[in-house]
Every structure is written in structure tokens, then in C-alpha cells.
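A.B. asks:
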Amino acid sequence: LAPPLVSWLRKDKVTGHPLKMSFGPWMLSAFRYLARGKSLRGTWLDVFGYTAERRMERQWIHDYEATLDEIERRLTADSHRAAVALASLPEEIKGFGHVKHKSFEAAMKKRETLSAMLRDPKPATTLKAAE
1 LAPPLVSWLR KDKVTGHPLK MSFGPWMLSA FRYLARGKSL RGTWLDVFGY TAERRMERQW
61 IHDYEATLDE IERRLTADSH RAAVALASLP EEIKGFGHVK HKSFEAAMKK RETLSAMLRD
121 PKPATTLKAA E
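Residue numbers (the working numbering): 1 to 131.
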């Protein structure tokens, strides 16, 4: 595991990314206690909610809702493929930590291209360049 709260303990000297750490079987008990705190998610007591990754995720939800509103306003037969690709972007954001950040950045670049295509739809053949 590479828990975010202790990731500063071990970092790769070349990339600066946190290194995974090995934990014993006692970690399963710790996970059970963490699971009990699930009701705290989204409250001020949610200590994991203050990380940059969680703040980015919450902002992405708001941005995605705005994107869906724009898709709803601009959806036409010509913009359909771009709209579907744009609505599917969250499926491309995977991983945790620096892996998630990298996939998030790639999705944001793709979002810019697809948003432009949604606003100014071209024939379906031009969508292949964004995919």
C-alpha cells in the first residue's frame, strides 16, 4: 500500500512518487476500523477528504455536472459522438495518487478537444483524431 497520510515516509528518488509499503495481517483489522468511519465521509471529520486528490475529485464532480448540462443544451445529431465521448471521460480516470493524477490530466486534455467538437460539430470522421 501507499497510504496518502504517510506517503512522505518513502518516495522514489528519481520520480518523487510514493513507494508502496508492506504491512502485515494486522492491516485487515485496521481496514475494519476504517470501514466503521464510512459515515464520516463528506463531513468535517473526514480526515481523508482534505487531501488534494479528494478535493480534485469533488471539483471534478461539479465540472462533470456542468459538462452534462452543456451536452444537454448542445446535443444534435452531428454532435452526438462527441457528446458520448465527453460523457464517458470519467471511465478513463483510474488509479490512486500520482497514477490517478496522470490519468486525470490526460482526460482534461481530451475534454478540451471534445468540448470544442461539441460546440462546433464537424462530420463524424473528425472525431477519430480526438479518440
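The beta carbon of each residue, even a glycine, is placed where N, CA and C say it ideally should be.
Because the structure is a prediction, the values reported are computed rather than measured.
Who are the Cβ neighbours of residue 71 in its own chain at under 7 Å, not counting the five residues just before and after it?
C.D. replies: Excluding positions up to five away in sequence, the list reads 83, 86, 87, 118.
A.B. asks: Can residue 78 and residue 122 be called in contact, C-beta distance under 9 Å?
C.D. replies: Contact: yes.
A.B. asks: Check for me: the alpha helix (DSSP H) holding residue 2 runs from which residue to which?
C.D. replies: That residue, residue 2, is in no alpha helix (DSSP H); it is neither H nor E in DSSP.
A.B. asks: Quick one: Cα of residue 133 to Cα of residue 41, how far?
C.D. replies: Only positions 1 to 131 of the chain appear in this structure, which leaves residue 133 out of reach.
A.B. asks: At the level of alpha carbons, what is the spacing between residue 60 and residue 89?
C.D. replies: Roughly 11 Å between the two C-alpha positions.
A.B. asks: Write down the C-beta distance between residue 2 and residue 27 rounded to the nearest angstrom, noting that I regard them as a contact closer than 8 Å.
C.D. replies: Going by Cβ atoms, the distance from residue 2 to residue 27 rounds to 13 Å, so no, they are not a contact pair.
A.B. asks: Which one or two residues does DSSP pair with residue 18 in a beta bridge?
C.D. replies: DSSP lists 11 as partners of residue 18.
A.B. asks: Just to confirm my understanding: we take residue 98, look at its own chain, exclude 5 residues before and 5 after, and list those with CB closer than 7 Å. What are they?
C.D. replies: Cβ neighbours of residue 98 beyond the five flanking positions: 17.
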